[in-house]
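Visitor: Reading the sequence shown from the start, the letters are residues 1 to 212 in full-length UniProt numbering. Even glycine gets a Cβ: it sits at the ideal position worked out from N, Cα and C. The structure displayed is predicted, hence computed values, not measured ones. Next up is a structure, given as structure tokens.
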Amino acid sequence: MEIESAGNEMRNLIIRKETKDDYYNAEYMTKKAFWNLHRPGCDEHYLVHLLRGSADYMEDLSRVAELDNKIVGGIYYSKAYVLDGNARADVLTFGPLCVDPDYQNKGIGGKLLEITIKEAREQGYKGIIIFGEPGYYPKHGFKTCDRYGITTKEGKNFDAFMGYEIVPNAFGDIHGEFYESEIFEQLYTDRVEEYDKKFPYMEKLKLPGQWS
Numbered sequence: 001m002e003i004e005s006a007g008n009e010m011r012n013l014i015i016r017k018e019t020k021d022d023y024y025n026a027e028y029m030t031k032k033a034f035w036n037l038h039r040p041g042c043d044e045h046y047l048v049h050l051l052r053g054s055a056d057y058m059e060d061l062s063r064v065a066e067l068d069n070k071i072v073g074g075i076y077y078s079k080a081y082v083l084d085g086n087a088r089a090d091v092l093t094f095g096p097l098c099v100d101p102d103y104q105n106k107g108i109g110g111k112l113l114e115i116t117i118k119e120a121r122e123q124g125y126k127g128i129i130i131f132g133e134p135g136y137y138p139k140h141g142f143k144t145c146d147r148y149g150i151t152t153k154e155g156k157n158f159d160a161f162m163g164y165e166i167v168p169n170a171f172g173d174i175h176g177e178f179y180e181s182e183i184f185e186q187l188y189t190d191r192v193e194e195y196d197k198k199f200p201y202m203e204k205l206k207l208p209g210q211w212s
């Protein structure tokens, strides 16, 4: 168990591995964090559920944040790779990284990143590639993947597609198209809506600034 402090308010913050007893509360926290953020509703809580049953899930790197016996954040890692012709380079990805709306802007997400990146470095991993908030991750050292000659599998680059070199020049010899787990393509609307019934009702809203 790892304990990190971030001022008096966060003195009881614990960053640790998730247990089965955390599953419901971690998923509900994830749902609240993303609900109506990018689109009406969300599917990130269902993604967490699917990841845990996937061979691509990296349980040993993933962590939850606990404060005063409440799950207030989480980060979930999975296997990914970059393909350049027949040459494959393994990398990490994570998603979601989230914090309960009532506990955001207190440094919890940064602590989850800090501790898990340190652990990934100690385990010998070299780089991370994600799809994430372009207004947040550059503050933590992430850079757009066009700097590294890495594209999506469709050959695209955009601000939300970013990489982090765990070790210096990690992407120096890695170029090509990025592939994440097929789990990320299995977020079917009907299954998400059925899974939503496990949690308290939350109204879907169309709000300004949503992606879709």
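Which residues share a DSSP beta bridge with Leu-97?
Guide: Here residue 97 refers to the residue found at position 97 when the sequence shown is read from its first residue. DSSP lists Ile-75 as partners of Leu-97.
Visitor: Is the segment 27-47 touching the segment 98-111, taking contact as three or more C-beta pairs under 8 Å?
Guide: yes
Visitor: For a minimum of 3 consecutive residues, which ranges assigned as the beta strand (DSSP E) are wholly contained in the UniProt domain "N-acetyltransferase" (13-167)?
Guide: 13-16, 63-67, 70-84, 87-99, 127-131, 150-152 and 161-165
Visitor: Kindly indicate the opening and closing residues of the alpha helix (DSSP H) around Tyr-188.
Guide: For the purposes of this step, residue 188 is taken as residue 188 along the sequence shown, with counting starting at 1. Run containing Tyr-188: none; DSSP gives neither H nor E here.
Visitor: Look at the Cβ atom of Glu-18, then the Cβ atom of Leu-61, and state whether they are nearer than 9 Å.
Guide: Position 18 of the sequence shown, counted from the start, is the residue given in the question as residue 18. Position 61 of the sequence shown, counted from the start, is the residue given in the question as residue 61. Not closer than 9 Å, so no.
Visitor: How about Ala-80 and Ser-181: are their beta carbons less than 9 Å apart?
Guide: Looking up residue 80 in the sequence shown gives position 80. Looking up residue 181 in the sequence shown gives position 181. The answer is yes: Cβ separation under 9 Å.
Visitor: Bridge partners of Tyr-179, per DSSP?
Guide: Taking the first residue of the sequence shown as 1, we reach residue 179 at position 179. Note: Tyr-179 sits in a beta bridge opposite Tyr-81.
Visitor: Rounded to the nearest angstrom, what separates Val-64 and Ser-78 at their Cα positions?
Guide: Counting from one through the sequence shown, the residue named residue 64 turns up at place 64. Counting from one through the sequence shown, the residue named residue 78 turns up at place 78. Approximately 15 Å between the Cα atoms of the pair.
Visitor: For Glu-4, name the three-state secondary structure that DSSP assigns.
Guide: Along the sequence shown, read from residue 1 onward, the residue named residue 4 stands at position 4. Per-residue confidence for Glu-4 stands at a pLDDT of 46, beneath the threshold of 50, marking its modelled position as unreliable; the derived number appears in the next sentence. Three-state DSSP puts Glu-4 in coil, outside helix and strand.
Visitor: Residues in its own chain within less than 6 Å of His-45 by CB, not counting five upstream and five downstream?
Guide: Looking up residue 45 in the sequence shown gives position 45. Result list for His-45: Glu-27, Thr-30 and Lys-31, in chain order.
Visitor: Determine the burial state of Lys-111: buried for a count of at least 16 other Cβ atoms within 10 Å of its Cβ, exposed for fewer.
Guide: Taking the sequence shown and counting its residues from 1, the one referred to as residue 111 is at position 111. It counts as buried.
Visitor: Short of 6 Å in beta carbon distance, which residues of its chain neighbour Asp-146, apart from the five on each side in sequence? Order them along the chain.
Guide: Translated into positions along the sequence shown, residue 146 becomes position 146. Excluding sequence neighbours, Asp-146 sits near Asn-157.
Visitor: For Val-82 and Gly-155, what's the separation of their Cα atoms in angstroms?
Guide: Against the sequence shown, residue 82 aligns to sequence position 82. Against the sequence shown, residue 155 aligns to sequence position 155. Distance between the alpha carbons of Val-82 and Gly-155: 12 Å.
Visitor: Can you tell me whether Val-167 is buried or exposed, with buried defined as 16 or more other CB within 10 angstroms of its CB?
Guide: For the purposes of this step, residue 167 is identified with residue 167 of the sequence shown, where counting begins at 1. Result: exposed.
Visitor: If you measure between the beta carbons of His-49 and Tyr-195, is that distance less than 9 Å?
Guide: Against the sequence shown, residue 49 aligns to sequence position 49. Against the sequence shown, residue 195 aligns to sequence position 195. In this structure, Tyr-195 lies closer than 9 Å to His-49 by Cβ.
Visitor: Whole-angstrom Cβ separation of Phe-131 and Ala-160, contact assumed at under 8 Å?
Guide: Taking the first residue of the sequence shown as 1, we reach residue 131 at position 131. Taking the first residue of the sequence shown as 1, we reach residue 160 at position 160. Phe-131 to Ala-160, Cβ: 5 Å. Contact.
Visitor: Rounded to a whole number of angstroms, what is the C-alpha to C-alpha distance between Phe-94 and Gly-127?
Guide: Sequence index remark: in the sequence shown, residue 94 carries index 94 (1-based). Sequence index remark: in the sequence shown, residue 127 carries index 127 (1-based). About 11 Å.
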